[in-house]
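Here the structure comes first, spelled out in structure tokens, and everything after it is commentary.
Chains as they are written, first to last, in my numbering: chain A, 1 to 365; chain B, 1001 to 1365.
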């Protein structure tokens, strides 16, 4: 899924935090310490690209804001606004850049129109998993590049969640050969869509509210979304029997991004609070996706057949992806630079992952 | 590796935190806020089972303490003591239980003598990976059981890091068949050692400082430790050519555990700070292990041959493990209960992991 699609869902309201009794002049803690007067309160406005309290991603940012409040003992309040309340869902980047709001929670690949390189920080088909993406960011130079490139837009990004490997999507007919893809109409955006196009698919974009009906009526032959937990909410199993394993979004990264000048004016305590709270949010979101996907998988109706795409299709996808990356590198020096850093980490990580996680999962059986 | 072995390494000193200028009566932040008076300072003593600043694990707890200090704006100071300064490395559990110290950082499986069930909270051969272990703890009921069982010792545990999949160990001779294990002397502790014993291995325990010499002289035929990053520091590649992929510690869990009464007396702010800082610590440790293992793997000398154990050996290990688990369940109702919760999550998670992470890593190639 690209989260652009949440545009089709109604926003519900602003997250409110319980704050009663937090600003008394004197407060006694359980450990007997007394705080005479509190730090001056800082309130930040954060807009998201999702409806209020959207499962896992939206509740993740709600919990992040709550955590910042707790960690600061009430001196840092982050007000979370669902999409379209303060600004339209996909204008959060511009609004934060222009300091109309302080921060946003969204998906990184939305902004490839600003700079093609940004799609790399959001994740890549057939590339790094969530854990690997975060390792690249923190230890392999990814964060430094991302922050340098966002700084040109007066923005300071932090990883704000990740989905784990997403599924390959719902198909009305089984895909047995590469040629079965020819002419297929599939809702699939982003780099995955560009690769599919090279394989003969006709990628289409649809708002969230129209996907189910289009699939049910046969206006489209297939659609990808996220994974069992969120896909079940869309009812796709009533319109398609074949549910394919994933390849195009193995480790998609969400972001909590601040106006850079606003970020730099925060106290070092508040900066540390936000940074640490995003780390917790990211780990918890990955675990919550795993748990809820596993639950939802158990509960899929009997008609659903889990399938893996044919090897010849994945081999062709790998070649097509390299063509797409070469094209983008020629067009954008920033894309080329970010890709080089990404590939350096990929090449460092792959031999180790092959003998550790991958090998272990094979041994486990 | 079981971290018991760090007993053999010299402790270096207490971690000190930069704290200058943090307790003035008035302090102006970058954002202009003025804090007139701070919360009463809380200082906690945390003892570890490792030498000071031990790579990844020891530096992880140093950074955790530093983060707690930053998040609290200096009101929460956690003094980190390396092993054997306040209490011997493997008495941190008892010392915290008795409130001689406030907290400890160690490995969970050390304490199976206290309750056999505790080994399950530390990880299991052929079981859950790090990400899966944490998901079980937070979403599958693991934390609730662990905390209930630790409460009987006046302890409140938090996950305090994880290693990712560990390697299977260094062997002087290649293992081609199950029978090649017969009579082999291998340094391998814990449940992995118990399984190996059933496969004909003679498991031995050695302090860290004696392993290399024993391997080099042929007193032992094999040893496991952690992974390329920490194994390289031990010099094993000079004494053995065959480096086997892992099966017995796929997701070992470290802990930051508090005296329960002391924990409950902390303010809710300080509790939130510690909880969130351990979450950051756990994610970062997993990523740092991945990055440094990948680097160290590249730098292994040419004589090292990476091998995977024969399938017949892993099949036999799975059977032997079930025997060990059945024996332990008969002896300990707590073990049986913890195992049931673990297995329920394992059975929920496995079908999803098979079609997501495992499948993706196979497609990626």
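Beta carbons are placed, not taken as given, at the ideal position from N, Cα and C, and that holds for glycine.
For this session: Rounded to whole angstroms, what's the CA-CA distance from residue 145 of chain A to residue 338 of chain A? Just pull it up for me.
Result: 7 Å
Exercise. Should residue 1319 of chain B go down as buried or exposed, given a rule of 16 or more other Cβ atoms within 10 Å for buried?
Worked result: exposed
For this session: In angstroms with no decimal places, state the Cα-to-Cα distance between residue 1060 of chain B and residue 260 of chain A.
Result: 28 Å
Exercise. From residue 155 of chain A to residue 62 of chain A, what distance separates their C-alpha atoms?
Worked result: 21 Å
Exercise. Would you say residue 302 of chain A reaches chain B, if we count a Cβ-Cβ gap shorter than 7 Å as a contact?
Worked result: no
Exercise. Using a C-beta cutoff of 7 Å, does residue 360 of chain A count as contacting chain B?
Worked result: yes
Problem set entry | First through last residue of the alpha helix (DSSP H) which encompasses residue 1061 of chain B | 1057 to 1071
For this session: Please report the residue range of the alpha helix (DSSP H) in which residue 1137 of chain B lies.
Result: 1130 to 1139
For this session: Note down, in chain order, every chain B residue with its Cβ under 7 Å from the Cβ of residue 364 of chain A.
Result: 1126
Exercise. Quick one: Cα of residue 1169 of chain B to Cα of residue 211 of chain A, how far?
Worked result: Using only the alpha carbons, I get a separation of about 51 Å.
Exercise. Could you give the distance in angstroms between the alpha-carbon of residue 1151 of chain B and the alpha-carbon of residue 323 of chain A?
Worked result: 58 Å
Problem set entry | In DSSP terms, what residue 243 of chain A is bridged to | A:170, A:306
Problem set entry | Contacting residues, own chain, Cβ-Cβ under 7 Å from residue 22 of chain A (five flanking each side not counted) | Low confidence applies here, because residue 22 of chain A scores a pLDDT of 37, under 50, leaving its location unreliable; read the following figure in that light. So the list reads 74, once near-sequence residues are dropped.
Problem set entry | residue 1102 of chain B burial status per 10 Å Cβ neighbour count (16 or more: buried) | buried
Exercise. Does DSSP put residue 48 of chain A in a helix, in a strand, or in coil?
Worked result: strand
Exercise. In three-state terms, what does DSSP make of residue 1205 of chain B?
Worked result: coil
Exercise. Distance, Cα to Cα, residue 1049 of chain B vs residue 1149 of chain B?
Worked result: If I take the Cα positions, the gap works out to 21 Å.
Exercise. Candidates B:1097, B:1116, B:1098: which alpha carbon is nearest residue 1328 of chain B's?
Worked result: Taking the Cα of residue 1328 of chain B as reference, the smallest distance to any Cα among B:1097, B:1116, B:1098 is reached at B:1116.
Problem set entry | DSSP bridge partner residues for residue 186 of chain A (one or two, in chain order) | A:203, A:222
For this session: Give the DSSP-derived three-state secondary structure of residue 114 of chain A in the structure shown.
Result: In the three-state DSSP reduction, residue 114 of chain A falls in the coil class, being neither helix nor strand.
Exercise. For residue 1123 of chain B versus residue 1341 of chain B, is the C-beta spacing smaller than 7 Å?
Worked result: no
For this session: Helix, strand or coil for residue 1232 of chain B, going by three-state DSSP, please let me know.
Result: helix
For this session: Taking only the alpha-carbon atoms, compute the straight-line gap between residue 355 of chain A and residue 1224 of chain B and give it to the nearest angstrom.
Result: 15 Å
Problem set entry | Span separating the alpha-carbon of residue 1166 of chain B from that of residue 129 of chain A | C-alpha separation (whole angstroms): 19 Å.
Exercise. With distances taken between CB atoms, is the gap from residue 1042 of chain B to residue 1065 of chain B smaller than 7 Å?
Worked result: no
For this session: Rounded to whole angstroms, what's the CA-CA distance from residue 358 of chain A to residue 205 of chain A? Just pull it up for me.
Result: Each residue's Cα considered, the two are about 34 Å apart.
Exercise. For the candidate residues B:1126, B:1157, B:1127, whose alpha-carbon lies nearest to that of residue 1138 of chain B?
Worked result: In terms of CA proximity to residue 1138 of chain B, B:1157 leads the group B:1126, B:1157, B:1127.
Problem set entry | Close beta carbons around residue 1332 of chain B, own chain, < 8 Å, minus the five adjacent residues each side | 1115, 1116, 1117
Exercise. With a cut-off of 7 Å, does the C-beta of residue 343 of chain A fall near any C-beta of chain B?
Worked result: Answer no: the Cβ-Cβ gap between residue 343 of chain A and chain B never drops below 7 Å.
For this session: Please check if any C-beta of chain A sits within less than 7 Å of the C-beta of residue 1250 of chain B.
Result: yes
Exercise. Helix, strand or coil for residue 288 of chain A per DSSP?
Worked result: helix
Exercise. Is the region 1240 to 1252 of chain B touching the region 1170 to 1184 of chain B, taking contact as three or more C-beta pairs under 8 Å?
Worked result: yes
Exercise. How about residue 1106 of chain B and residue 1112 of chain B: do their beta carbons lie closer than 7 Å?
Worked result: no
For this session: Identify, in the order they occur along the chain, each residue of the same chain with its Cβ nearer than 7 Å to the Cβ of residue 1347 of chain B, setting aside the five sequence neighbours on each side.
Result: none
For this session: Starting from residue 157 of chain A, trace the beta strand (DSSP E) both ways and give me its first and last residue.
Result: 155 to 162
Exercise. By the criterion of Cβ-Cβ separation under 8 Å, what are the contact partners of residue 1147 of chain B in chain A?
Worked result: Those do not exist, as residue 1147 of chain B stays about 17 Å from chain A at its closest Cβ, beyond 8 Å.
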